[in-house]
Amino acid sequence: MGILFSLLAALFFSLSHITVRKGVTKLGVSSGTIIMLVAGTISTLVIALALEGVAVLRPLNLTSILFFALGGVIHFLGGWGFQNASASRIGPTRLSAMTGATPLFATILAFLSLNQTVNIYIFAGILLIVIGILAITLGEKNEG
Amino acid sequence: MKGKEIQGYAFGILTALCWATSPIFIARGLEGIPSSIWATAIGLAVATLIYLVYFLLQKKGQELLKANNKHLMWQITAGLAGGLGILSRNIALETTRVAVVIGLVQLQILITSILGPIIQEKDEREPISIKLLAGILLILGGTILIIYGRNL
Numbered sequence: 001m002g003i004l005f006s007l008l009a010a011l012f013f014s015l016s017h018i019t020v021r022k023g024v025t026k027l028g029v030s031s032g033t034i035i036m037l038v039a040g041t042i043s044t045l046v047i048a049l050a051l052e053g054v055a056v057l058r059p060l061n062l063t064s065i066l067f068f069a070l071g072g073v074i075h076f077l078g079g080w081g082f083q084n085a086s087a088s089r090i091g092p093t094r095l096s097a098m099t100g101a102t103p104l105f106a107t108i109l110a111f112l113s114l115n116q117t118v119n120i121y122i123f124a125g126i127l128l129i130v131i132g133i134l135a136i137t138l139g140e141k142n143e144g
Numbered sequence: 001m002k003g004k005e006i007q008g009y010a011f012g013i014l015t016a017l018c019w020a021t022s023p024i025f026i027a028r029g030l031e032g033i034p035s036s037i038w039a040t041a042i043g044l045a046v047a048t049l050i051y052l053v054y055f056l057l058q059k060k061g062q063e064l065l066k067a068n069n070k071h072l073m074w075q076i077t078a079g080l081a082g083g084l085g086i087l088s089r090n091i092a093l094e095t096t097r098v099a100v101v102i103g104l105v106q107l108q109i110l111i112t113s114i115l116g117p118i119i120q121e122k123d124e125r126e127p128i129s130i131k132l133l134a135g136i137l138l139i140l141g142g143t144i145l146i147i148y149g150r151n152l
């Protein structure tokens, strides 16, 4: 089931990147972002209510709400806002490629916060991602 | 490369930075209530309320009234797909190892490059160059190496 939902997530993220380009180019980043946020909120609230109900919220405390809020603001307000601004400028394929740097940043943050060490595989992975991003951005420069 | 494109790439990188940072806070919140579905819904609702206040204060509501229905529908689809995507990822994380989920979710780069030309109209299609494809493969390869390296 986990693999199925992971693949579904990949499909939904792709759809979001492609359709956001079709909408936000004409609507503008501000209007595009508020529409995405409202649509996303309504759909996730309906799904949360349908799948888990409100009983699961009983142990909810202020600390958890604050952390969810902070995570939500960073992911949706920041992430979706930047996604809209990016998609309207470079298109969904290049945007998707740039968001491929997410595991790289996650790894760097883990090292900074957990003091983990970098092994040869992680170093090689970081190098490949950086080269990949450079290939895409510098490729644009040479071709355009 | 034009200034607009440089901004586009920079915003794309900032998107990745935001998406890498948010799980740290969500994970802390989940210590109090073990529901990643509600975590997503609450986080999204708070972000929407904050942005709605800003949007209304800026008096940008008039722009929406003039918007073309077709463009509105595409943007609503983007919001629904984005919400369903994060929900699917969080549900997957409840039952499957993080490394597997992150790796599979990164397939979105390939899926976008395949689905993009199908969904986009002719004049909207992006030119897919060899360098773009090579970059995508390098990013995917790098992701696999990082996941492997973090699980040793």
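If you read the protein sequences in the order shown, they are chains A and B.
Read in order, the letters of the first sequence correspond to residues 1 to 144 in this note's numbering.
Read in order, the letters of the second sequence correspond to residues 1 to 152 in this note's numbering.
For each residue, glycine too, the CB sits at the ideal point set by N, CA and C.
Using the beta-carbon of each residue, which ones in chain A are nearer than 7 Å to B:Lys59?
In chain order: nothing, as chain A lies at least about 11 Å away.
Where do the N-terminal and C-terminal ends of the alpha helix (DSSP H) with B:Asn69 fall, by residue?
Counting along the chain, the alpha helix (DSSP H) containing B:Asn69 begins and ends at Asn69 to Thr95.
Rounding to the nearest angstrom, what Cα-Cα distance links A:Ile3 and B:Val101 in this structure?
7 Å
Assign B:Pro23 to one of two classes, buried (16 or more other C-beta atoms within 10 Å of its C-beta) or exposed (fewer than that).
buried
I need the straight-line Cα distance from A:Met36 to B:Glu31, nearest angstrom please.
28 Å
Establish whether the CB of B:Lys122 and some CB of chain A are separated by less than 8 Å.
no
Determine the direct distance from the alpha carbon of A:Arg58 to that of B:Leu84, and round the result to whole angstroms.
24 Å
Let's see if you can read the secondary structure: which residues bound the alpha helix (DSSP H) around B:Lys66?
Gly61 to Lys66
Does any CB atom of chain A fall closer than 8 Å to the CB of B:Val157?
This structure does not reach residue 157 of chain B, given that chain B is present from 1 up to 152, and the question cannot be answered.
For A:Leu112, which residues in chain B fall below 7 Å Cβ to Cβ?
Those within 7 Å of A:Leu112 in chain B number zero; the least Cβ separation is about 11 Å.
Any C-beta of chain B sitting closer than 8 Å to the C-beta of A:Thr107?
yes
Is the Cβ of A:Ala48 closer than 8 Å to any Cβ of chain B?
Closer than 8 Å to some Cβ of chain B, the Cβ of A:Ala48 qualifies, so yes.
At the 8 Å Cβ level, is B:Asn69 part of the contact set with chain A, yes or no?
no
So A:Ile133 and B:Gly135 are supposed to be a Cβ contact under 8 Å. How far apart are they, rounded?
A:Ile133 to B:Gly135, Cβ: 7 Å. Contact.
Distance check for B:Val105 and B:Leu145, CA to CA, integer angstroms please.
15 Å
Assigned secondary structure, A:Leu4 (DSSP; H/G/I helix, E/B strand, else coil)
helix
Can you look up A:Thr117 in the DSSP assignment and give me helix, strand or coil?
coil
Would you mind telling me which residues of chain A sit closer than 7 Å to B:Leu198, beta carbon to beta carbon, in chain order?
Residue 198 of chain B lies beyond the stretch modelled for chain B, which goes from 1 to 152, so this question has no answer here.
Beta carbons nearer than 7 Å to chain B: which residues of the segment 42-69 of chain A have them?
Ser43, Thr44, Leu45, Ile47, Ala48, Leu51, Glu52, Val56, Leu57, Pro59, Leu60, Asn61, Thr63, Ser64, Ile65, Phe67, Phe68 and Ala69
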